[in-house]
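*Asks:* All you need for my numbering is the position in the sequence shown, starting with 1, plus 324. The beta carbon of each residue, even a glycine, is placed where N, CA and C say it ideally should be. Here's a structure for you.
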Amino acid sequence: MVVQAAEQHALLLKGIESTSGLVASLHVMENLYSQSQSKEVIPILGKFQDTLISIYSKILEFQARADFGRYQVSLYRYASSIGHADLTRRVESLRNTSREHDIWTITSARDQRVKRLFNLLYTCPYKDRKDRNSKRVPGTCEWFTSHPKFTDWQRNANDESPGLLWVSADPGCGKSALTRYLVDELLLNTTERAVCYFFFKEDFLDQRSATSALSVILRQLLITQPRLLQDAVLDKLETDGDKLVPYFSELWSILVSASANSKAGEIMCILDALDECQDRDRNQLISAVKDFYLGTHKSSKLKFFITSRPYELIGRGFRELERNSCIIHLSGENDKEAKVMSREIDLVIARRVSDISDQLSLEKDERDMLAQQLTAVENRTYLWVSLTLNVLEISRVSQKEIAYEKSLNRSSDKDKARVLLHIITAAMRPLSLEELPLALAVNAGHESLTAIRDDVEPKDRFRKTLRDLCGFFVVVVDEKAYLLHQTAKEFLVGDKNSTVNINISKDTRWKHSILPEKSHYVLANTCTSYITVVAHQLNECDFEEGYDKIAYLEYSSRYWIAHFRQTCVREESPLLTHAQRICDPNSDVYQMWSWIYANLGRNLPHDATTLLIVSCLGLANIVNVLARETAMAGTPLSWVAGNDRKEVVELLLATGKVGIDYRDSYSRTPLFWVSRNGHEAVVKLLLATGKVDIDSKDSNSRIPLFWAAKNGHRTVVELLLGTGKVDIDSRDSWGMTLLLLAANNGDEAVVELLLATGKVDIDARDSDGQTPLSWAARNGHEAVVKLLQEFHQPAL
């Protein structure tokens, strides 16, 4: 009994010491959590407080029992009051609860990194863009979903089954409607399957990029299967920062690694309209997919569904996969599939005839005759039906234009309606019913948020105002405003060379009256004015914690630059003054905007001047003003050239003030950066000066030609070689020549260009004694080996 009591006494003292330290740390943690307004903390604050109460209760109980035991005369009564096992259990309970708080702290930090990654990966509103495509007509798409090629791909019954399904079809055959149907209804996410999608579209800049597609796909995948997000990716985000997302190879590597994870289920990547992806990006994506399935990943859980028009360039890219049975090609443009689709085409005909009949007020016998004539044609296709019905619609275009004019002429305030249409037609994304009234109301005369809000209608009232101003011309879908139809935009918007006849009759005053340059001016003005007003009213804490809660601030901060670039601004314009202030690092406006801009995943140079910032952003109008007034070194030219701002490069070169061979901290000149990034037009500008050092070496002794070749920019390689001034056998710090590098990488095109000069040293050896031929042979680049052998037979 005495021994047990002594042990308990020692344990009791240890427990008192632990609880004293725990109370101190809990007090600090309580202050941190209770005072924080962070989004990551608020959801767990309730649980934290409940747990905190539980911990304090346990501590009080523990200390009360301890005091009780210390003042007992009888050692026996003390021992019975606090049993050894009970005391041990209570101390361990306190430790476990403390560990939970440690885990919360670590988790909160990780959540912030994850949030930053997801913000960077959100390159476009992919769901809204998907939903802009038509839904399928009920009963259609079944020819495809029941097709053996699709079912084989979907089941992927064995490891040898192809993971890539390419569906090609002519324009107007319903490829995008089919893709939307797969995403929305057929191929749904499950615990064992993640379905990620991207719709390429020429109409939107952020929908033409393969990098944007991969970013969006990764975001969907990691949201659906968060277990696949490895800490290594978050660590790389910390290392590379915003540069992680713009590089295709980095994103592709993350996707492939995620698919190889043992915790990964099936991953379906659905890409619609690959033909609308910009050429260089499309080739890069096809090459990556081809290398993936021809390599060791043939049996991977990663699968691709791709649609496109039947262009030869795309077919050529997939041909090697077809030869190796690594792809399923379902060709919707051939006669066999067209016949299978004919029954479903009848359903589309019925729907389209009904719609057109309503638009043209056709009688029943006219409707029946039209449907009969269309369905009587043999071997009809979606394309034929689409073109035929479009002809009918076009034949009544004058009536449609009259209807549009009448609708807008009924506007309760035509001037206000015109401003509203400027905003809707030029907006970079659809504006919500909270954003649109602000965009309409804000002007340079506002000095506070309160003044702006006094001029803004509530959302429900504005919905009615919208109808009064624009009639049926503007529709609201999912709380966002859109033009009624693409033909409405074609009716309204004139090209930049068109002029509106001021004497035009009142019945046709709206046609082509919205000029893009004016529209972008309206939006640039309202965005910059709004940013300026908000910055004056908010302090740093306010905008860092809640900028996304202020309607229209995210849009203004993200897109004012794009609008500004597309308008012509006079030097005396208030818009120029606002824009220049936003880009002035010494202004309060810049402090807010730059923080938001960086939080949106955009990159700005540190410790920069106003000239450097506006140059990087491509704001030529401001550069033109500042360049005349500012003494320059060479840093702006490196940034601008590297970001492909041709117009700004021309302005800077014209001043004669920039150092064309100015070296940065990596000893890299502007020509280095522009060659590395493949900006052909800017390379031509720099070479045309006749002053650029074409063989300047960076800190790794690499010349611009070296990096152009390494990154696969063939046209830039041709431009540099075409000068005849390049040291074609220049060596880097590792003893590698350009030919050695190209042979090592299997870059057949660059090897061919180098050999064609007749000046390259084909027997050059690196620091390990390897020749171009030995590198190509070692890495299995058969085509390069053949080229080298045909040109010359060097000694191995």
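Determine whether the beta carbon atoms of M816 and S837 lie at a separation below 8 Å.
*Replies:* The displayed chain sequence assigns Leu, not Met, to residue 816. Yes, they are a contact pair.
*Asks:* Report the three-state DSSP secondary structure of C520 (helix, strand or coil).
*Replies:* If DSSP states are grouped into helix, strand and coil, C520 belongs with the strands.
*Asks:* Restricting to Cα atoms, I'd like to know which of K382, R440, I383 is closest to Y921.
*Replies:* The shortest Cα separation from Y921 among K382, R440, I383 belongs to R440.
*Asks:* Would L1010 and P994 be called neighbours here (beta carbons separated by less than 8 Å)?
*Replies:* Yes, the pair counts as a contact, with Cβ atoms nearer than the cut-off.
*Asks:* Give the DSSP-derived three-state secondary structure of C794 in the structure shown.
*Replies:* Helix, per DSSP.
*Asks:* Terminal residues of the continuous beta strand (DSSP E) containing E590?
*Replies:* Note, E590: beta strand (DSSP E), 590-596.
*Asks:* Could you tell me the alpha carbon to alpha carbon distance between D931 and Y446, rounded to whole angstroms?
*Replies:* Distance between the alpha carbons of D931 and Y446 is about 27 Å.
*Asks:* Closest to E509 by CA distance: which of T515, E516, A501 is it?
*Replies:* Of the candidates T515, E516, A501, the one whose C-alpha sits nearest the C-alpha of E509 is A501.
*Asks:* To the nearest angstrom, how far is the alpha carbon of V487 from that of N513?
*Replies:* Per the sequence presented here, residue 487 reads as Gly, with Val not at that position. Computed Cα separation, rounded: 18 Å.
*Asks:* Could you check the C-alpha separation between E687 and T548 for me, to the nearest Å?
*Replies:* Approximately 51 Å, taken between the alpha carbons.
*Asks:* Is Y617 helix, strand or coil by DSSP?
*Replies:* Helix at Y617.
*Asks:* Is G795 buried or exposed, if buried means 16 or more other CB atoms sit within 10 Å of its CB?
*Replies:* Counting Cβ neighbours within 10 Å, G795 comes out buried, since at least 16 surround it.
*Asks:* Between which two residues does the alpha helix (DSSP H) harbouring V846 extend?
*Replies:* V846 -> alpha helix (DSSP H) spans 840-861.
*Asks:* Would you grab the beta carbon distance between D1056 and D1019 for me? Rounded to a whole angstrom, and I think it's under 8 Å.
*Replies:* With 8 Å as the limit, D1056 and D1019 do not qualify as a contact, their Cβ atoms being about 12 Å apart.
*Asks:* Identify whether K1200 lies in helix, strand or coil by the three-state DSSP scheme.
*Replies:* Because the chain in this structure spans residues 325 to 1120, residue 1200 falls outside the shown range and cannot be described.
*Asks:* Would you kindly work out how many angstroms separate the C-alpha atoms of Q1113 and V461, rounded to a whole number?
*Replies:* Cα to Cα, Q1113 sits roughly 59 Å from V461.
*Asks:* Return the chain-ordered list of same chain residues with a C-beta closer than 7 Å to the C-beta of A848, the five sequence neighbours on each side being excluded.
*Replies:* Cβ within range, chain order: W884, H887, F888, T891, L899.
*Asks:* For H1037, does the three-state DSSP call read helix, strand or coil?
*Replies:* If DSSP states are grouped into helix, strand and coil, H1037 belongs with coil.
*Asks:* Nearest to D566 by CA position, among L444, W919, S577, E803, is which residue?
*Replies:* Comparing Cα-Cα distances from D566 to each of L444, W919, S577, E803, the minimum goes to L444.
*Asks:* Tell me the DSSP bridge mates of H653?
*Replies:* BP columns for H653 point to W490.
*Asks:* With a Cβ-Cβ cutoff of 8 Å, do W834 and L928 count as a contact?
*Replies:* No, the pair does not count as a contact, with Cβ atoms beyond the cut-off.
*Asks:* With a CB to CB cut of under 8 Å and the five nearest residues on each side skipped, what residues in its chain are close to N1035?
*Replies:* Correct list, in chain order: R1000, N1001, G1002.
*Asks:* What three-state label does DSSP hand T891 in the structure shown?
*Replies:* Here T891 sits in coil by DSSP.
*Asks:* Answer with buried or exposed for N317, where buried requires no fewer than 16 other C-beta atoms within 10 angstroms of its C-beta.
*Replies:* Residue numbering for the chain in the displayed model covers 325 to 1120; residue 317 lies beyond these limits and cannot be assessed.
*Asks:* If you check the beta carbons only, do L575 and S539 fall under 8 Å apart?
*Replies:* Yes, Cβ-Cβ distance for L575 and S539 is below 8 Å.
*Asks:* By alpha-carbon positions, which one of R992, A1005, G1014 ends up nearest to F1203?
*Replies:* Here the chain covers residues 325 to 1120 and nothing more, so residue 1203 does not appear.
*Asks:* Looking at the unbroken alpha helix (DSSP H) that takes in T464, where does it start and where does it end?
*Replies:* Here T464 belongs to no alpha helix (DSSP H), and DSSP marks it neither H nor E.
*Asks:* Around the C-beta of N1103, are 16 or more other C-beta atoms found within 10 angstroms, so that it is buried, or is it exposed?
*Replies:* The residue in question, N1103, is exposed, as its Cβ has fewer than 16 Cβ neighbours within 10 Å.
*Asks:* Give the straight-line distance between the Cα atoms of Y400 and F386, rounded to the nearest whole angstrom.
*Replies:* In this prediction, Y400 scores a pLDDT of 45, lower than 50, which makes its location untrustworthy; the coordinate-derived value is nonetheless stated afterwards. Rounded to whole angstroms, Y400 to F386 spans 19 Å at the Cα level.
*Asks:* Which first and last residues belong to the alpha helix (DSSP H) in which L744 is found?
*Replies:* Per DSSP, L744 belongs to the alpha helix (DSSP H) from 738-750.
*Asks:* Taking all protein chains shown into account, do 16 or more other C-beta atoms lie within 10 angstroms of the C-beta of S881, making it buried, or fewer, making it exposed?
*Replies:* Buried, since its Cβ has 16 or more Cβ neighbours within 10 Å.
*Asks:* Hey, could you find the ends of the beta strand (DSSP E) T475 is sitting in?
*Replies:* Where T475 is concerned, there is no enclosing beta strand (DSSP E), although the alpha helix (DSSP H) it sits in stretches over 472-479.
*Asks:* Which same chain residues end up closer than 7 Å to G925 when comparing Cβ atoms and leaving out the 5 residues on each side of it in sequence?
*Replies:* Closer than 7 Å at the Cβ level, and outside the excluded window around G925, lie N443, L444, D566, V569.
*Asks:* Among I669, T1047, S678, Y635, which one has its Cα closest to the Cα of D603?
*Replies:* Ranking the options by Cα distance to D603, first place goes to Y635.
*Asks:* With distances taken between CB atoms, is the gap from E758 to E466 smaller than 8 Å?
*Replies:* No, they are not a contact pair.
*Asks:* Using a Cβ-Cβ cutoff of less than 7 Å, which residues in the same chain neighbour R606 once the five nearest sequence positions on both sides are dropped?
*Replies:* Here the set comprises A534, L598.
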